[in-house]
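Structure, as structure tokens:
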Amino acid sequence: MYNEKVMKIFANPKNAGTLRGANGIGKVGNAACGDIMKIFLKIEDGIIVDAKFRTFGCAAAIVSSSVACELIKGMTVEQALGVTNRQICEEIGQLPSHKIHCSVLAEEGIAAAIKYYRRRMGLLEKKEKKQEAVKPRTLPAAKQEFDTKARDFSFTPVAETEKAEFAPAKQEESAPAAPVAKTSNFALELEAEEPLVVDLAYEAELLYAKQESYESKSSKATKTTTTTTTTTTKKINNE
Amino acid sequence: MEQKIYLDNAATTPLSREVLAEMMPYFDTVYGNPSSIHSFGRDARAGVEQARERIAKAIGCRPSEIYFTSGATEANNWVIEGIASANKHKGNHIITSRLEHPSILEACKKLEKQGFRVTYLNADKNGFVRIDELLHYVCPDTILISVMAANNEIGTIQNLQAIAQTAKEKGVIFHTDAVQAIGAVNINVAEMGIDSLTLSGHKLNGPKGVGALYLRHGIAISKLIVGGEQENGLRGGTLNTPAIVGLGRAVELITRDIIINSKKLRMLRDYFINQVLTKIELTQLNGHAIQRLPNNANIAFGQVEGEAIMLMLDMQGIAVSTGSACSSNKLEQSHVLSAIGLPNDLINGSVRFSFSLSNTRQEVDYVVEKLIAVVKKLRDMSPIAKSQVGKGGNDECTTRK
Chain A
509 MYNEKVMKIF
519 ANPKNAGTLR
529 GANGIGKVGN
539 AACGDIMKIF
549 LKIEDGIIVD
559 AKFRTFGCAA
569 AIVSSSVACE
579 LIKGMTVEQA
589 LGVTNRQICE
599 EIGQLPSHKI
609 HCSVLAEEGI
619 AAAIKYYRRR
629 MGLLEKKEKK
639 QEAVKPRTLP
649 AAKQEFDTKA
659 RDFSFTPVAE
669 TEKAEFAPAK
679 QEESAPAAPV
689 AKTSNFALEL
699 EAEEPLVVDL
709 AYEAELLYAK
719 QESYESKSSK
729 ATKTTTTTTT
739 TTTKKINNE
Chain B
631 MEQKIYLDNA
641 ATTPLSREVL
651 AEMMPYFDTV
661 YGNPSSIHSF
671 GRDARAGVEQ
681 ARERIAKAIG
691 CRPSEIYFTS
701 GATEANNWVI
711 EGIASANKHK
721 GNHIITSRLE
731 HPSILEACKK
741 LEKQGFRVTY
751 LNADKNGFVR
761 IDELLHYVCP
771 DTILISVMAA
781 NNEIGTIQNL
791 QAIAQTAKEK
801 GVIFHTDAVQ
811 AIGAVNINVA
821 EMGIDSLTLS
831 GHKLNGPKGV
841 GALYLRHGIA
851 ISKLIVGGEQ
861 ENGLRGGTLN
871 TPAIVGLGRA
881 VELITRDIII
891 NSKKLRMLRD
901 YFINQVLTKI
911 ELTQLNGHAI
921 QRLPNNANIA
931 FGQVEGEAIM
941 LMLDMQGIAV
951 STGSACSSNK
961 LEQSHVLSAI
971 GLPNDLINGS
981 VRFSFSLSNT
991 RQEVDYVVEK
1001 LIAVVKKLRD
1011 MSPIAKSQVG
1021 KGGNDECTTR
1031 K
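So the sequences go chain by chain: A and B. Numbering of the first sequence is given in the numbering used here, commencing with residue 509 and proceeding in unit increments. Numbering of the second sequence is given in the numbering used here, commencing with residue 631 and proceeding in unit increments.
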């Protein structure tokens, strides 16, 4: 079912493992699908200098993540976001039709890792924030619902700018891409036996500074949305 | 010089030489149509009837209660739909289990669309159907209970007699899918009170494309294929003489040597299971440890995915199979492993090893050695932390497919 190229890469995948000093991490997929993909990016001056992956999944998922990492190395962040699953498929040769979703997962993994990176950098350089390239599939109704919810909580001016950012970020939760909140938490939850991937102290500091508390409130009361949109209540103190 | 090791005997088995020898004349020398009355036909008929007698003897029924089909899938479909439609006047409720082969489950789903009520019994963590649960669901309009004798994936052997007795007491027809169980456990349909049973040729070192249905006299079933007088007019079509002869011989051989063979297989299986569970961490055996098929070892490997293990072993010449979602074309994970309540990550990390008598201890050692390397390699690239193994949850898959 797999072509020779896939099997060849699968036998010796490149870029497998944890990347030390990664500043972009994205985790997509779940065990029910049979695929979990974690992409580590090391981004310097907007250029991806190194990329690695850890994948739980079939040959197609492992090969897709290996090829995706190989593809985006040396690219700028914007170029990397432009990489589509089709490109990954072409690189591999051909995937069986029911395995195409594995390449989609790789695409989403990259997007999630970059999103994580941008969120982290966004705190330091506000300009970066406008380049939110991962466009969430916003449902008009869902967005409106968020806005009304948001108005219920008095946002500080700082939060006002944050809101624009976080509204799409939370919308993403219904989409397959890994929720941002989870990703950042995941970094903290890294196993002690695993090599430290990110500067945990730095990471914790950032999180503390933001004092984010994502409390998912299920929007059962509102019938406007079909997706499970979660609203966030948070208090942001910019010290 | 790559070693080739076949450990997927639950998928299919090689044709045994004795069976092949018995089949050979029926391809060219004895070519008559078994339905013909002349000597050519009578010779072929004799082969078919001998096969029928052999199977009847093996499972303890009368030869006239055996019907040949193209395989167990056909036989299972036929039993479910045929008995349901012929007994519609008695009721519209069917009981089966969540562990069944898709040939039973899909047939039941089809019946549900036609207005039948189907209860799918749960299984405990070892893969057993609970008799009290069965009793709870039996009602006056229940017409059929179908529970497989031994599971093809996890190898658990059901307490068949207890289920059959329960069905008998309640006056319900009891069918069992014994594709894996024939040759592994002693089955005597008359003693155990089984009303209907299906078996398949290619799981017993017999030919592919042939199976048989035992149906007790007096049970109504509707016709499967019309337009021929074969098999009492229930399943028309010229009989596949060589395959039927082969099936008869295969069933005879496998039930004859059942005790010694299953003992040998059990030793090999337990040796393998012990080796794997002690040498590889984060592994567990799926299904019951003792009451399982002698040749079946289904092991869940934490942190890694089954299809990746399967393919990596395949590169080393070792053939196994997996219950992972990735390996199926529908991208659905094993319904059996879900039914026994295994968390998602372990379902997708489960691999089935099924042995045959031709496997040796040396081969097992070789497989274990390769397995250790493969699992280590895949764990090195796994994003699941050790502490997260078995916490895959049972949530739905959200990936775009």
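Glycine included, each C-beta is placed from N, C-alpha and C at the ideal position. Here the structure is a predicted model, which is why all the values come from computation and not from measurement.
### Residues of its chain near B:ILE970, where Cβ-Cβ distance is below 6 Å and the 5 sequence neighbours each way are ignored
Walking along the second sequence from the start, residue 970 of chain B turns up at place 340. In chain order, ALA753, LYS755 and GLY757 place their CB closer than 6 Å to the CB of B:ILE970, counting only its own chain and leaving out the 5 sequence neighbours on each side.
Put A:MET545 into one of helix, strand or coil per three-state DSSP. Sequence index remark: in the first sequence, residue 545 of chain A carries index 37 (1-based). In this structure, DSSP gives A:MET545 an extended state, which the three-state scheme calls strand.
Check: Looking at C-alpha atoms only, which residue of A:ARG562, A:THR526 and A:LYS546 is the closest neighbour of A:GLY534?
Finding: In the first sequence, the residue the question calls residue 534 of chain A occupies position 26. The shortest C-alpha separation from A:GLY534 is found at A:LYS546.
(Q) Tell me the rounded alpha-carbon separation between B:SER665 and B:ILE855. (A) The sequence position of residue 665 of chain B within the second sequence is 35, counting from 1. The sequence position of residue 855 of chain B within the second sequence is 225, counting from 1. Approximately 16 Å, taken between the alpha carbons.
Please report the distance separating the alpha-carbon of A:LEU696 from that of B:LYS1016. What you label residue 696 of chain A is simply residue 188 of the first sequence in a count that begins at 1. What you label residue 1016 of chain B is simply residue 386 of the second sequence in a count that begins at 1. The pLDDT assigned to A:LEU696 is 44, lower than 50, so where the model puts this residue is not dependable, and the model offers no usable value.
Item to complete: Return the first residue and the last residue of the alpha helix (DSSP H) that A:SER574 is part of.
Response: Locating residue 574 of chain A in the first sequence gives position 66, where the first residue counts as 1. DSSP places A:SER574 in the uninterrupted alpha helix (DSSP H) bounded by 567 to 580.
ask   = Should B:ASN597 be flagged as near chain A, meaning a C-beta pair shorter than 8 Å?
value = With chain B running from 631 to 1031 in the structure shown, residue 597 of chain B is simply not present.
request  = Report whether the distance from the Cβ of B:TYR661 to the nearest heavy atom of the ligand HEM is below 7 Å.
outcome  = The ligand HEM is not part of the structure shown, which contains no ligands of any sort.
Check: Is any beta-carbon of chain B found at less than 8 Å from that of A:ARG562?
Finding: Counted from its first residue, the first sequence places residue 562 of chain A at position 54. A:ARG562 counts as touching chain B.
Q.
Excluding the 5 residues flanking A:ARG562 on each side, which residues of the same chain have their C-beta closer than 6 Å to its C-beta?
A. Taking the first residue of the first sequence as 1, we reach residue 562 of chain A at position 54. The residues are LYS546.
task: Please report how far the alpha carbon of B:GLY858 lies from the alpha carbon of B:GLY867, in whole angstroms.
output: In the second sequence, counting from the first residue as 1, residue 858 of chain B sits at position 228. In the second sequence, counting from the first residue as 1, residue 867 of chain B sits at position 237. B:GLY858 and B:GLY867 have their C-alpha atoms roughly 6 Å apart.
(message) Quick check on the DSSP output: the alpha helix (DSSP H) that includes B:PHE902 runs from which residue to which?
(response) Here residue 902 of chain B refers to the residue found at position 272 when the second sequence is read from its first residue. Run containing B:PHE902: 888 to 909, per the alpha helix (DSSP H) assignment.
From the DSSP secondary-structure annotation, give me the bridge partner or partners of B:VAL748. Within the second sequence, residue 748 of chain B is the residue found at index 118, counting from 1. B:VAL748 is bridged to B:ILE724.
For this session: Would you mind stating whether A:ALA569 and A:VAL514 have Cβ atoms separated by less than 8 Å?
Result: Here residue 569 of chain A is taken as the residue at index 61 of the first sequence, counted from 1. Here residue 514 of chain A is taken as the residue at index 6 of the first sequence, counted from 1. No, the pair does not count as a contact, with Cβ atoms beyond the cut-off.
Worksheet entry | Closest Cα partner of A:ILE544 within the set B:ASN978, B:VAL777 and B:THR726 | Your numbering for residue 544 of chain A matches position 36 in the first sequence. Minimum Cα-Cα distance from A:ILE544 among the listed residues B:ASN978, B:VAL777 and B:THR726 corresponds to B:ASN978.
Original post:
Out of curiosity, what's the CA-to-CA distance linking A:VAL571 and A:GLY532?
Top reply: As a first step, residue 571 of chain A is located in the first sequence; it is residue number 63 there, counting from the start. As a first step, residue 532 of chain A is located in the first sequence; it is residue number 24 there, counting from the start. If you take the alpha carbons of A:VAL571 and A:GLY532, they lie about 20 Å apart.
### Query
Any beta-carbon of chain B closer than 8 Å to the one on A:LYS535?
As a working mapping, residue 535 of chain A is identified with position 27 in the first sequence. For A:LYS535, a Cβ of chain B is located within less than 8 Å of the residue's own Cβ.
- Task: With 8 Å as the threshold, decide whether the Cβ of A:PRO687 is near any Cβ in chain B.
- Result: Locating residue 687 of chain A in the first sequence gives position 179, counting from the first residue. Since pLDDT at A:PRO687 reaches only 43, below the 50 mark, its modelled position is unreliable, and no value is offered.
With DSSP collapsed to three states, give me the class of A:GLY532.
Taking the first sequence and counting its residues from 1, one reaches residue 532 of chain A at position 24. DSSP places A:GLY532 in the strand class (E or B) of the three-state scheme.
Rounded to the nearest angstrom, what separates B:ALA820 and B:VAL759 at their Cα positions?
The residue you call residue 820 of chain B lines up with position 190 of the second sequence. The residue you call residue 759 of chain B lines up with position 129 of the second sequence. Distance between the alpha carbons of B:ALA820 and B:VAL759: 22 Å.
Item to check | Whole-angstrom C-beta distance between B:HIS731 and B:ASN789, which should lie under 8 Å | outcome: The residue labelled residue 789 of chain B in the question sits at position 159 within the second sequence. The residue labelled residue 731 of chain B in the question sits at position 101 within the second sequence. Contact flag wrong, Cβ pair sits at about 19 Å.
query: Residues in its own chain within less than 8 Å of A:LYS690 by CB, not counting five upstream and five downstream?
result: Mapped onto the first sequence, residue 690 of chain A falls at position 182. Residue placement at A:LYS690 is flagged as unreliable, the pLDDT there being 41, under the threshold of 50; the coordinate-derived value follows with that caveat. If we look at A:LYS690 and ignore the five residues flanking it on each side, its Cβ neighbours are LYS535.
- [ ] List the DSSP bridge partners of A:LYS560.
- [x] Here residue 560 of chain A refers to the residue found at position 52 of the first sequence. For A:LYS560, DSSP records a beta bridge to A:PHE548.
Practice prompt. State buried or exposed for A:LYS560, treating a residue as buried only when at least 16 other CB atoms are found within 10 Å of its CB.
Written response: For the purposes of this step, residue 560 of chain A is taken as the residue at position 52 of the first sequence. Result: buried.
### Task
Could you work out which residues of chain B lie near A:LYS522, taking near to mean beta carbons separated by less than 8 Å?
Translated into positions along the first sequence, residue 522 of chain A becomes position 14. Per Cβ cutoff of 8 Å: no residues; A:LYS522 is ~11 Å from chain B at best.
Whole-number beta carbon distance between B:GLY841 and B:ALA702, since they are thought to touch under 8 Å: Your numbering for residue 702 of chain B matches position 72 in the second sequence. Your numbering for residue 841 of chain B matches position 211 in the second sequence. Right, the Cβ-Cβ distance comes to about 4 Å (below 8 Å), so this counts as a contact.
Below 8 Å, can you find three or more Cβ-Cβ pairs linking the region 688 to 703 of chain B to the region 832 to 848 of chain B?
-> Contact between the region 688 to 703 of chain B and the region 832 to 848 of chain B is present, because at least three Cβ pairs lie under 8 Å.
Item to check | Start-to-end residues for the beta strand (DSSP E) that takes in B:GLN1054 | outcome: This structure cannot settle anything about residue 1054 of chain B, because the visible part of chain B is limited to 631 through 1031.
Mind checking A:VAL557: buried by the 16 CB within 10 Å criterion, or exposed? Position 49 of the first sequence holds residue 557 of chain A. Exposed, since its Cβ has fewer than 16 Cβ neighbours within 10 Å.
Could you have a look at B:PHE931 and say whether DSSP puts it in helix, strand or coil? Translated into the one-based positions of the second sequence, residue 931 of chain B becomes position 301. Strand at B:PHE931.
Minimum C-alpha distance to B:LYS894 - residue among B:PHE931, B:GLU882 and B:ARG991: Position 264 of the second sequence, counting from 1, holds the residue named residue 894 of chain B. Ranking the options by Cα distance to B:LYS894, first place goes to B:ARG991.
DSSP three-state assignment for B:HIS847, whether helix, strand or coil:
As a position in the second sequence, residue 847 of chain B is number 217, starting the count at 1. Coil.
Based on the DSSP secondary-structure assignment, which residues constitute the bridge partners of B:ASN816?
Here the question's residue 816 of chain B lines up with position 186 in the second sequence. Looking at the DSSP assignment, B:ASN816 forms no beta bridge with any residue, so it has no partner.
Counting along the chain, where does the beta strand (DSSP E) carrying B:PHE670 start and finish?
-> Stepping through the second sequence from its first residue, residue 670 of chain B is reached at position 40. No beta strand (DSSP E) holds B:PHE670; the alpha helix (DSSP H) holding it covers 669 to 689.
Where A:MET509 falls, given that 16 or more other Cβ within 10 Å makes a residue buried: By one-based count along the first sequence, residue 509 of chain A stands at place 1. Taking all protein chains shown into account, A:MET509 has fewer than 16 neighbouring C-beta atoms within 10 Å of its C-beta and is therefore exposed.
Whole-angstrom distance between A:ALA576 and A:GLN595, CA atom to CA atom: Here residue 595 of chain A is taken as the residue at index 87 of the first sequence, counted from 1. Here residue 576 of chain A is taken as the residue at index 68 of the first sequence, counted from 1. About 9 Å.
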